[in-house]
Amino acid sequence: MSGLSFDVTTDTGRKVMSWADTVRVNKLNAMADALQEALRAPVRRPTEEEDQAVLACNRRVREHNARVLAERERQEAARQRRENEREAAKVRKSMCGECFTVLPASGVCGNCC
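Just so you know, we're using numbering that gives the first Met the number 0 here: the sequence shown kicks off at 0 and counts up by one.
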């Protein structure tokens, strides 16, 4: 039995738990014993092969993440380039073709036309 005790008794020492409660307490005591035993067990160090496998897996994950990040950056740069081209096209449409001044809302250039 573990150092933990879940028995409930009265002043006179009479148990006040039901049979189902006793079963639950026994299960809890068994789990506490198993946990204490597991904590006493020696810690196993990974082998060199396991260490190398973990390092290789980590390297593959880093490489994958770098590829994903590069693709996202490429897509963002392409999106920004398209947005800049749209803005430039809007500006070109609002400029006079002769003197390249920005046209007023009327669309008629006041400088050269």
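Ideal placement from N, C-alpha and C gives every residue a C-beta, glycine not left out.
- Val67 carries a helical assignment under DSSP once its states are collapsed to helix, strand and coil.
- Looking at the backbone, the Cα of Ser93 and that of Arg61 are separated by about 48 Å.
- When secondary structure is reduced to three states using DSSP, Val101 falls in the strand class.
- Bounds of any alpha helix (DSSP H) do not take in Met94, whose DSSP letter is neither H nor E.
- With a beta-carbon spacing of about 6 Å, Cys95 and Leu102 fall inside the 8 Å limit used to define contacts.
- In this structure, DSSP gives Val60 a helical state, which the three-state scheme calls helix.
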